Amino acid sequence: MSWLVTGGAGYIGAHVVRALADAGIAPVVIDDLFSGVESFVPADVPFVKASILDTDAVETTLREHDVTGVIHCAGYKYAGESVKFPLLNYSINVEGTRSLLEAMQRADVRRLVFSSSAGVYGNSGVEFVTESTPTTPESPYGESKLIGEWLIRDQRIATEMAGAPLAATSLRYFNVCGSGHADVWDASPHNLFPKVLFAIQAGKAPQVNGTDYPTPDGTCVRDYVHVSDLAAAHVVAAQRLEAGLPVEPVYNLGSGDGTSVREIVDAMVAATGCAQEPVEGPRRPGDPAKIVADGTLAARDLDWAMRHTVQDMVDSAWASHPKG
Ligand SMILES: NC(=O)c1ccc[n+]([C@@H]2O[C@H](COP(=O)([O-])OP(=O)(O)OC[C@H]3O[C@@H](n4cnc5c(N)ncnc54)[C@H](O)[C@@H]3O)[C@@H](O)[C@H]2O)c1
0 MSWLVTGGAG YIGAHVVRAL ADAGIAPVVI DDLFSGVESF VPADVPFVKA SILDTDAVET
60 TLREHDVTGV IHCAGYKYAG ESVKFPLLNY SINVEGTRSL LEAMQRADVR RLVFSSSAGV
120 YGNSGVEFVT ESTPTTPESP YGESKLIGEW LIRDQRIATE MAGAPLAATS LRYFNVCGSG
180 HADVWDASPH NLFPKVLFAI QAGKAPQVNG TDYPTPDGTC VRDYVHVSDL AAAHVVAAQR
240 LEAGLPVEPV YNLGSGDGTS VREIVDAMVA ATGCAQEPVE GPRRPGDPAK IVADGTLAAR
300 DLDWAMRHTV QDMVDSAWAS HPKG
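0 is the number of the first residue of the sequence shown in numbering that gives the first Met the number 0; add one for each residue after it.
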């Protein structure tokens, strides 16, 4: 049994690859290294350097490695940047997903786990998000993830009608952080954890944006999940699909709990021994005060649980962060 991980040279994909291998499922990686790091792919894992936009290359990979399912992590993940580069965002996240689905259909691969995002909810005004909270994405990124879910839904319906149904689920991640391996880190310059660590490394004071929200300490409250817990849920999703067990079309991978930005930044300052006090900046437009997600459905079906604390996330993020 072999599973393809698109974007397997990325931060989350690399954790998924290792979790699959640990569970006895042989992973294969396809990644064009747009934002990935080749060394994140273990040496004994087959690595195909190609874009998911290249449908023929994906089809060939699926056939050559006898792939029975796909975990689709490849994506453009920068919500803020997607406002400046919508066409690039849609190309990777929408056309890339369409191309992957076509390659899967050609190679008759019928199991799929999709990396979706909390970005599909946008600023819904709801503090505690469930899977039935209305989706009102507010960036091209959030829209493209929702379109990815719709593409998968429509292909599921079409393949059911054709008698060869696609079994698929979309996992909506909240704020993924930490590291499960010292040699894999989040290289994104736009996510809170690496952003703060890069600032501290450069000798700059970390910044807290917005300190007058109606939250206990005035800063935004978000739902942080450890990347290893997230990766484990993907393995269970793959195993469920292999076993022909039912899955929900979408699951929230959130902790049900919130941590403020100030708490995270203070923990990072302590973990790194940073000498600078965090500086307070203005609110960022569109940042809601609080978003926390209910992970009850994922706990029921995907053995989803917070096996790591926020302190684990901070400590492991710093331990794996490149120091050179
Ligand atoms: N990190 C988070 O907090 C978070 C939250 C919600 C959703 N997600 C989603 O999870 C997925 C993985 O995120 P990540 O944090 O690992 O990001 P990442 O940037 O580290 O990984 C994305 C990977 O996809 C690859 N890729 C991009 N375009 C490609 C293409 N056309 N063909 C093949 N490979 C391509 C990149 O090279 C990279 O290795 C993304 O789809 C992202 O949108 C991430």
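Using N, Cα and C, we set each Cβ at its ideal position, and we do this for glycine too.
What you are looking at is a predicted structure, and each value in this text was computed from that prediction instead of being measured.
Simplified DSSP state of residue i, which is helix, strand or coil
i	result
S143	helix
H320	coil
S187	coil
G74	coil
F33	coil
L170	strand
L3	strand
V16	helix
V128	strand
W149	helix
Y212	coil
P193	helix
L165	coil
E159	helix
T295	helix
D21	helix
D300	helix
S315	helix
Residue i - partner residues in DSSP beta bridges
i	result
R279	Note that residue 279 corresponds to Glu in the displayed sequence, not to Arg. Paired residues: V207.
V309	V309 pairs with nothing; no bridge assigned.
R221	T258
P26	W2
V175	V224
Distance between beta carbons of residue j and residue i, contact taken as under 8 Å
i	j	result
I11	V175	6 Å
W195	M312	It should be pointed out that residue 195 corresponds to Val in this sequence rather than to Trp. Not confirmed; about 12 Å, so no contact.
S315	S187	Not a contact, Cβ separation roughly 16 Å.
L19	A237	7 Å
T158	P248	With a Cβ gap of about 14 Å, T158 and P248 do not count as contacting.
### Query
Are the region 52 to 69 and the region 99 to 111 touching, with three or more C-beta to C-beta distances below 8 Å?
As far as the Cβ criterion goes, the region 52 to 69 touches the region 99 to 111, which means the pair count is three or higher.
### Task
Mind the definition here: the region 196 to 211 touches the region 270 to 285 only if three or more C-beta pairs lie below 8 Å; say whether that holds.
Output reads yes: the region 270 to 285 touches the region 196 to 211.
#### Entry: Length-filtered (4 minimum) alpha helix (DSSP H) runs lying within the region 230 to 291
Listed in chain order, they are 260 to 271.
### Query
Would you call the region 252 to 260 and the region 217 to 225 touching, i.e. three or more CB-CB distances under 8 Å?
At 8 Å Cβ cutoff, the stretches touch.
### Query
What runs of the beta strand (DSSP E), each 3 residues or longer, lie entirely inside the region 39 to 119?
Counting whole runs of 3 or more residues, the region 39 to 119 contains the beta strand (DSSP E) stretches 46 to 48, 66 to 71 and 110 to 116.
### At least three beta-carbon pairs within less than 8 Å, the region 114 to 134 to the region 31 to 49
With the rule of 3 Cβ pairs closer than 8 Å, the region 114 to 134 does not count as touching the region 31 to 49.
### Task
Spell out a yes or no on whether the region 140 to 148 and the region 84 to 98 are touching, meaning 3 or more CB-CB pairs, one atom from each, closer than 8 Å.
A contact is defined here as three or more CB-CB pairs under 8 Å, and the region 140 to 148 meets this definition with respect to the region 84 to 98.
### Task
Would you check if there are 3 or more beta carbon pairs closer than 8 Å linking the region 229 to 244 to the region 292 to 304?
Touching, per the Cβ criterion.
### Message
Contact between the region 107 to 114 and the region 143 to 161 is defined here as three or more beta-carbon pairs at a separation below 8 Å; is this criterion met?
### Response
Segment contact: the region 107 to 114 against the region 143 to 161, three or more CB-CB distances shorter than 8 Å; contact assigned.
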